[in-house]
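Report on one structure; see the data block that follows.
2 protein chains.
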Amino acid sequence: MMRISELSARSGVALPTVKYYLREGLLHPGEQLAATRADYDDSHLRRLRLIRALLEVGKLPVAGIKQIIAAVEDETMPVHRMLGTAQYALSPAVAPEASEAWEQAAAEVDDLVDEYGWDIHARAPARAELTEILVRMRHLGMKADLRPYAEAANRLVTEVEMSKVPFDGPRDAAVEALVLGTVLYGRAFDALRRLVQESESAHLLGRPAAQG
Amino acid sequence: MMRISELSARSGVALPTVKYYLREGLLHPGEQLAATRADYDDSHLRRLRLIRALLEVGKLPVAGIKQIIAAVEDETMPVHRMLGTAQYALSPAVAPEASEAWEQAAAEVDDLVDEYGWDIHARAPARAELTEILVRMRHLGMKADLRPYAEAANRLVTEVEMSKVPFDGPRDAAVEALVLGTVLYGRAFDALRRLVQESESAHLLGRPAAQG
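Protein sequence lines correspond, in order, to chains P and C. Numbered according to full-length UniProt numbering, the first sequence terminates at residue 212, and the numbering increases by one at each position without gaps. Numbered according to full-length UniProt numbering, the second sequence terminates at residue 212, and the numbering increases by one at each position without gaps.
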């Protein structure tokens, strides 16, 4: 148990910010000891870690964070749906287009999902996102073959990523792990692709001597 | 050969925008037929495609695009370095930190690069980017194991991605393919990871009946 000043020190979140989260209902109240004194515990430290992950890494607006915290606090909501609330909030909102190109790309995304046997909600935002990217690729004259990427994503997520999400522990911790993993490994993979591209370009074309 | 109005129509770039690119030197001049008439050809169509890729997909500022166009037009610049100019422009600029955590993460990135035998410039922006992500992960208490992601990126780029870049054709086309592939397949992979995450979550935790 600790006072609010210690909660601030141990979490690294400034005291006025901790108070703001309390007022906004993002952080649950401590145990009230007197009119101006309350005690906080590990659950508050965990919640502050989650808020920081959603805010600084997920770049989510406070309204979105509130929605996720509500899902975390609603113990009757199954963990799968709670994680989905967070994950959907991280996805860019893409509105379907009324065009033949869209219909065709959406059907291809459906085929891909069926082929892998993925169990995905009909209105999952990543479906529309992927459809939009396909439409864009085709419009730009690209061949747009998602298969090798689907294969890599399928392997990484099933073999590595989901085992890092602690489903059995506190609900805050599961959401935090999902958000941090999704965003930060996504960025890491992006940087890694660019590293390999540079190396392959040097390999295939020869690095000019002057570039050293 | 075509007039500027046809160039605009065939490229889908509005006439005032085409004229703006000419004034800014992003689009090379056509063959001057008279004081107010010039002829344009396929090289202008390719250049407009490249500008659109850099602007709309790469989200690069005009100053960055000018730098890339200069590299495309400088036929004495080797293709590897021209592609590097475009690729580095796509990378977020990350300034190294003076900290022990940074030094340690940078050494890990070096080890990874050595392990795979990647041929990468010492000041490649993706090195600093990856270092920053590692520091961030460690700071947040994550295990931060890049190996499975490095493995997947290595396989995708060497087996699939680089074969899509037409090294032997016009210089504009090579840069365009690199930029479109890097950005759009990056976004697609991100959406695919989220699709598989949802499916794995449903698989591991069970999809609640009410969610349909």
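Glycine included, C-beta positions come from ideal geometry on N, C-alpha and C. None of these values were measured; they are calculated from a predicted model.
Item	Value
Any idea what DSSP makes of residue 114 of chain P, helix, strand or coil?	helix
Grab me the residues of residue 105 of chain C's own chain with a C-beta within less than 6 Å of its C-beta, minus the 5 sequence neighbours each way, in chain order.	131, 134 and 135
Between residue 43 of chain P and chain C, is the shortest Cβ-Cβ distance under 8 Å, so that the two count as touching?	no
In this structure, does DSSP put residue 152 of chain C in helix, strand or coil?	helix
According to DSSP, simplified to helix, strand and coil, what is residue 172 of chain P?	helix
I need the straight-line Cα distance from residue 100 of chain C to residue 107 of chain C, nearest angstrom please.	11 Å
Can you tell me whether residue 137 of chain C is helix, strand or coil according to DSSP?	helix
Should the region 91-98 of chain P be regarded as contacting the region 170-178 of chain P, the criterion being three or more beta carbon pairs within less than 8 Å?	no
Beta carbons nearer than 8 Å to chain C: which residues of the region 188-205 of chain P have them?	188, 189, 190, 191, 192, 193, 194, 195, 196, 197, 198, 199, 200, 201, 202, 203, 204 and 205
Tell me whether the region 26-40 of chain C and the region 197-210 of chain P touch, counting them as touching only if at least three CB pairs, one residue from each stretch, are closer than 8 Å.	no
Which residues in the same chain as residue 45 of chain P place their Cβ atom closer than 8 Å to its Cβ, once the five residues preceding and following it in sequence are excluded?	7, 10 and 11
Do we get a CB-CB distance below 8 Å when we pair residue 1 of chain C with the residues of chain P?	no
Please look up how many angstroms separate the CB atoms of residue 157 of chain P and residue 193 of chain C, rounded, as I've assumed it's under 8 Å.	6 Å
In whole angstroms, what separates the C-alpha of residue 183 of chain P from that of residue 39 of chain C?	48 Å
How far does the beta strand (DSSP E) with residue 10 of chain C in it reach, from first residue to last?	No beta strand (DSSP E) holds residue 10 of chain C; the alpha helix (DSSP H) holding it covers 4-11.
Any residues in the region 77-106 of chain C with a beta carbon nearer than 7 Å to a beta carbon of chain P? Which ones, in chain order?	78, 79, 80, 81, 83, 84, 87 and 91
Whose C-alpha, out of P:20, P:69 and P:89, is nearest the C-alpha of residue 43 of chain P?	P:69
Compare the Cα-Cα distances from residue 85 of chain P to each of P:102, P:109, P:60 and P:103 and report the closest residue.	P:60
Would you call residue 161 of chain C buried or exposed, if buried means 16 or more other Cβ atoms sit within 10 Å of its Cβ?	buried
Roughly how many whole angstroms lie between the Cα atoms of residue 189 of chain C and residue 24 of chain C?	35 Å
So, residue 202 of chain P versus residue 111 of chain C, is the Cβ gap smaller than 8 Å?	no
Name the residue from C:80, C:125 and C:174 whose alpha carbon lies nearest to the alpha carbon of residue 47 of chain C.	C:174
Measuring straight from C-alpha to C-alpha, what distance separates residue 216 of chain C and residue 79 of chain C?	Absent from the structure is residue 216 of chain C, since the part of chain C shown begins at 1 and ends at 212.
Nearest-angstrom Cα distance between residue 191 of chain P and residue 139 of chain C?	19 Å
Regarding residue 79 of chain P and the ligand NAD, is the C-beta to nearest heavy atom distance less than 7 Å?	The ligand NAD is absent from the structure shown, which contains no ligand whatsoever.
From which residue to which residue does the beta strand (DSSP E) around residue 39 of chain P run?	37-39
What residue range does the alpha helix (DSSP H) around residue 89 of chain C cover?	79-90
Under three-state DSSP, which class holds residue 124 of chain P?	coil
State the Cα-Cα distance for the pair residue 74 of chain C and residue 20 of chain C, rounded to the nearest angstrom.	22 Å
What does a CB cutoff of less than 8 Å around residue 212 of chain C pick up in its chain, not counting 5 residues either side in sequence?	Residue placement at residue 212 of chain C is flagged as unreliable, the pLDDT there being 41, under the threshold of 50; a coordinate-derived value is accordingly withheld.
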